[in-house]
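This report concerns only the one structure given below.
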Amino acid sequence: MTVEFRGLRRAFGRTVALDGLDLTVQQGELMALLGPSGCGKTTALRCVAGFEHPDAGAVLVDGKDITRVPANRRDAGMVFQSYSLFPNLNARDNVAFGLQVRKVPTARRHARAAELLELVGLPAHAQRYPHELSGGQQQRVALARALALEPRVLLLDEPLSALDAKVRITLREEIRRLQLELGITTIFVTHDQEEALSVADRVAVLRAGRLEQCGPPAEVYDRPATPFVAEFVGTMNHVPGHLSGQEVTVLGRLMPVDGPLPSASDVDVLVRPEAVLVTPSSEGDATIVASSFRGSVARLRVRLGELEILSDVPGHDAVRLAPGTRVDVALVQRPVLVAARTAPTLPESSGPSAGPESSEATEDPAGVG
Amino acid sequence: MVAVAALPDVTPGGPAPAARPGQRRAWRGIVLVVAALYFVVPMAVSFWFTVYSEGQGFSLAAYGRILSAPGFLSSLLLSLGLAAATIVVVLLLTLPAMLAVRLGASRLGPVLELIATLPLVVPPIAYVVGISTALRGGIDALAATPLWATLIAVQDERFPIVLVLAYVVLTLPFAYRSLDAGLRAIDVRTLVEAARNLGASWPYVLFRVIIPNIRSAIASASFLTLALVLGEYTVAALLGYQTFPVWIVTISGNDGQLSVALSIISLLLIWLLLLTLSGAGRKRS
Chain A
1 MTVEFRGLRR AFGRTVALDG LDLTVQQGEL MALLGPSGCG KTTALRCVAG FEHPDAGAVL
61 VDGKDITRVP ANRRDAGMVF QSYSLFPNLN ARDNVAFGLQ VRKVPTARRH ARAAELLELV
121 GLPAHAQRYP HELSGGQQQR VALARALALE PRVLLLDEPL SALDAKVRIT LREEIRRLQL
181 ELGITTIFVT HDQEEALSVA DRVAVLRAGR LEQCGPPAEV YDRPATPFVA EFVGTMNHVP
241 GHLSGQEVTV LGRLMPVDGP LPSASDVDVL VRPEAVLVTP SSEGDATIVA SSFRGSVARL
301 RVRLGELEIL SDVPGHDAVR LAPGTRVDVA LVQRPVLVAA RTAPTLPESS GPSAGPESSE
361 ATEDPAGVG
Chain B
1 MVAVAALPDV TPGGPAPAAR PGQRRAWRGI VLVVAALYFV VPMAVSFWFT VYSEGQGFSL
61 AAYGRILSAP GFLSSLLLSL GLAAATIVVV LLLTLPAMLA VRLGASRLGP VLELIATLPL
121 VVPPIAYVVG ISTALRGGID ALAATPLWAT LIAVQDERFP IVLVLAYVVL TLPFAYRSLD
181 AGLRAIDVRT LVEAARNLGA SWPYVLFRVI IPNIRSAIAS ASFLTLALVL GEYTVAALLG
241 YQTFPVWIVT ISGNDGQLSV ALSIISLLLI WLLLLTLSGA GRKRS
């Protein structure tokens with residue numbers, strides 16, 4: 001079962017949600033659609049479910065064009081972002097809803113519902129009504145309901161975004177376990193890069209209705225195809241550098257350049273915090289401004305002249321690298337991504353999980369280390 | 001008072017926090033008593049008026065006279081029939097429109113709300129004058145067309161459809177408000193999409209997903225409509241139909257006791273209907 005988006009376009013008034021999206025999801029694959037809000041990821045998913053009709057282009061399932069098939073005759077189970085269980089039905093009847101629509105006899109319906117509730121870890125909750133279930137339990141029931149008809153495609157529209165952090169992590173792992181067990185082709189829409197990277201076989205990063213990059217999580221993280229992907233997935237330092245041919249001079253060293261070259265020779269070199277090496281040195285020209293300890297790693301905020309750089313060091317080094325320490329800063333020698341020069345100083349971080357953490361470091365210059 | 005006295009024992013903490021809920025309870029009691037007096041005294045006095053007269057002393061004869069009074073049953077049945085028809089029409093009119101607004105045309109929401117509220121600001125008397133003028137003018141204008149017969153049929157005295165139409169407009173704001181509250185409490189779009197995703201056809205979505213979840217809102221819309229139709233006098237009287245309220249007024253000219261007895265009976269009747277309807281609305285939730 002493959003799902004293929006072919007030149008999908010959809011505009012809402014003047015906002016273009018999908019601007020010619022081309023993407024193929026392979027049989028049995030979990031594809032995460034990742035991007036900021038308004039990038040078109042949910043619209044793409046809703047086109048597969050049949051709740052949204054593209055202005056142009058087509059959605060193909062197993063090579064068959066389903067763009068005009070009504071939503072109730074598509075073979076795709078969906079789990080919604082907001083709680084979507086039918087309030088008047090208990091968990092069992094919610095799960096069995098699709099079977100009831102198809103007039104499956106009561107006994108078989110109930111047996112199947114019990115089986116599915118067992119599968120999602122709620123065997124004892126069949127008689128509970130939605131308002132008697134926690135958010136995480138409701139989404140589990142919704143998942144069971146979506147799987148009840150044995151659809152060939154599973155669509156997950158930010159199913160975890162309404163849940164609290166801990167439930168989110170257990171449930172996403174469970175979704176992944178189930179997906180692998182059933183081998184069901186799955187499209188998982190999320191704006192949380194960590195979520196996407198941790199569960200998906202491949203991650204498709206969308207921006208303004210177009211595909212920026214699609215690849216396995218490690219590839220998207222390590223070799224972002226564009227500066228946008230680099231910014232959106234994980235945290236990125238912008239370090240000014242000077243371009244000469246295929247190489248760039250940055251922090252006094254020459255590094256090979258990976259990816260597209262901007263036209264100007266003054267560029268920003270994009271560096272992950274874990275690729276910034278910090279060593280204590282009495283003659284060092286950089287100073288640690290703040291440190292926030294996170295167990296396995298500590299994130300340092302290092303001032304180098306006008307520039308501030310984020311660096312992730314192993315947690316046990318945090319003691320040696322307390323705020324105020326003079327240090328040397330170097331970059332791991334490997335091909336780097338460059339982008340046209342933006343604001344020269346502050347490194348930007350983005351992605352929902354990185355954002356608040358780095359601002360926390362700013363507000364707490366004393367740090368933890 | 002028992003509750004007030006018992007309170008200090010069950011409430012942990014010093015006497016000051018214990019006194020506060022006690023005081024609050026006392027106030028609640030006072031408000032309740034005042035409200036009860038306001039409603040009960042006129043009713044009790046009315047009841048007394050129907051069963052006691054200086055000449056005859058205590059007698060339930062006024063209630064007996066209701067059944068034998070000419071026109072009682074026919075006017076009551078007419079009003080109930082009109083109410084039932086109005087409920088059906090007003091629900092068929094508002095519910096699909098409100099669902100459509102929520103599912104597709106959210107920009108038309110304010111327009112619908114405005115239209116549904118409009119009948120509240122037009123005084124019924126202006127409204128009825130408008131209707132009768134239109135009816136009279138219509139008969140002249142449509143004399144040569146088949147619509148003329150329709151216009152006549154609409155005014156049939158046995159079941160004046162024109163009253164149903166008028167009542168639909170009058171009850172629109174109330175039906176709209178009740179249904180709106182019910183639809184607000186559920187996430188219509190998500191529920192519809194979830195049901196569609198599971199293979200449900202549109203009628204299935206409407207009858208098995210939406211309606212069961214706004215059951216109590218539908219019940220309260222129906223009740224408000226019923227109460228309004230059973231109490232509506234102006235339009236029916238001025239258009240010359242013998243609905244229940246009109247009949248009560250007609251009969252009260254001759255017999256004071258009888259008319260008050262009727263009011264009490266109709267009040268009890270409406271209460272009974274309310275209890276039935278709200279019971280039906282609560283059954284499954």
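Here the protein sequences line up with chains A and B, keeping their order.
Under the numbering used here, the first sequence has 208 at position 208, and the numbering climbs by one with no breaks.
Under the numbering used here, the second sequence has 253 at position 253, and the numbering climbs by one with no breaks.
We put the beta carbon where it would ideally sit given N, CA and C, even for glycine.
Computed from a prediction, not measured in an experiment: that's the story for all the values here.
Is residue i helix, strand or coil by DSSP?
i	result
residue 137 of chain A	helix
residue 237 of chain A	strand
residue 195 of chain A	helix
residue 345 of chain A	Low confidence applies here, because residue 345 of chain A scores a pLDDT of 44, under 50, leaving its location unreliable and the question unanswered by this model.
residue 42 of chain B	helix
residue 326 of chain A	strand
residue 9 of chain A	strand
residue 266 of chain A	strand
residue 115 of chain A	helix
residue 289 of chain B	The first residue shown for chain B is 1 and the last is 285, placing residue 289 of chain B beyond what the model contains.
residue 79 of chain B	helix
residue 219 of chain A	helix
residue 131 of chain A	helix
residue 53 of chain A	coil
residue 258 of chain A	strand
residue 64 of chain A	strand
In whole angstroms, what is the alpha-carbon distance linking residue i and residue j?
i	j	result
residue 104 of chain B	residue 336 of chain A	48 Å
residue 248 of chain A	residue 172 of chain A	40 Å
residue 226 of chain A	residue 201 of chain A	20 Å
residue 250 of chain B	residue 70 of chain B	11 Å
residue 168 of chain B	residue 267 of chain B	22 Å
residue 86 of chain B	residue 179 of chain B	15 Å
residue 12 of chain B	residue 145 of chain A	Its pLDDT being 43, under 50, residue 12 of chain B is placed unreliably by the model, and the measurement read from it follows with that caveat. Going by the C-alpha atoms only, they are around 47 Å apart.
residue 98 of chain A	residue 167 of chain A	27 Å
residue 197 of chain B	residue 78 of chain A	7 Å
residue 295 of chain A	residue 72 of chain A	49 Å
residue 154 of chain A	residue 102 of chain A	19 Å
residue 104 of chain A	residue 113 of chain A	12 Å
residue 214 of chain A	residue 142 of chain A	28 Å
residue 279 of chain B	residue 219 of chain B	9 Å
Kindly identify the DSSP beta-bridge partner or partners of residue i.
i	result
residue 214 of chain A	A:204
residue 144 of chain A	Answer is none; residue 144 of chain A lacks a bridge partner.
residue 308 of chain A	A:303
residue 78 of chain A	A:155
residue 250 of chain A	A:253
residue 188 of chain A	A:32, A:156
residue 288 of chain A	A:302
residue 293 of chain A	A:298
residue 161 of chain A	Its beta-bridge partners do not exist; DSSP assigns none.
residue 18 of chain A	A:10
residue 314 of chain A	A:297
residue 24 of chain A	A:4
residue 52 of chain B	B:58
Less than 8 Å between the C-beta atoms of residue i and residue j, yes or no?
i	j	result
residue 259 of chain B	residue 270 of chain B	no
residue 39 of chain A	residue 149 of chain A	no
residue 338 of chain A	residue 315 of chain A	no
residue 231 of chain B	residue 245 of chain B	yes
residue 252 of chain B	residue 46 of chain B	no
residue 30 of chain A	residue 223 of chain A	no
residue 289 of chain A	residue 262 of chain A	no
residue 372 of chain A	residue 34 of chain A	Since the displayed chain A opens at 1 and closes at 369, residue 372 of chain A lies outside it and no answer follows.
residue 277 of chain A	residue 332 of chain A	yes
residue 139 of chain A	residue 130 of chain A	no
residue 48 of chain A	residue 187 of chain A	yes
residue 37 of chain B	residue 98 of chain B	no
residue 310 of chain A	residue 301 of chain A	yes
Given a threshold of 16 other Cβ atoms within 10 Å of its Cβ, counted over all protein chains shown, does residue i qualify as buried or as exposed?
i	result
residue 55 of chain A	exposed
residue 241 of chain B	buried
residue 141 of chain B	exposed
residue 283 of chain A	exposed
residue 50 of chain A	buried
residue 52 of chain B	exposed
residue 238 of chain A	buried
residue 54 of chain B	exposed
residue 204 of chain A	buried
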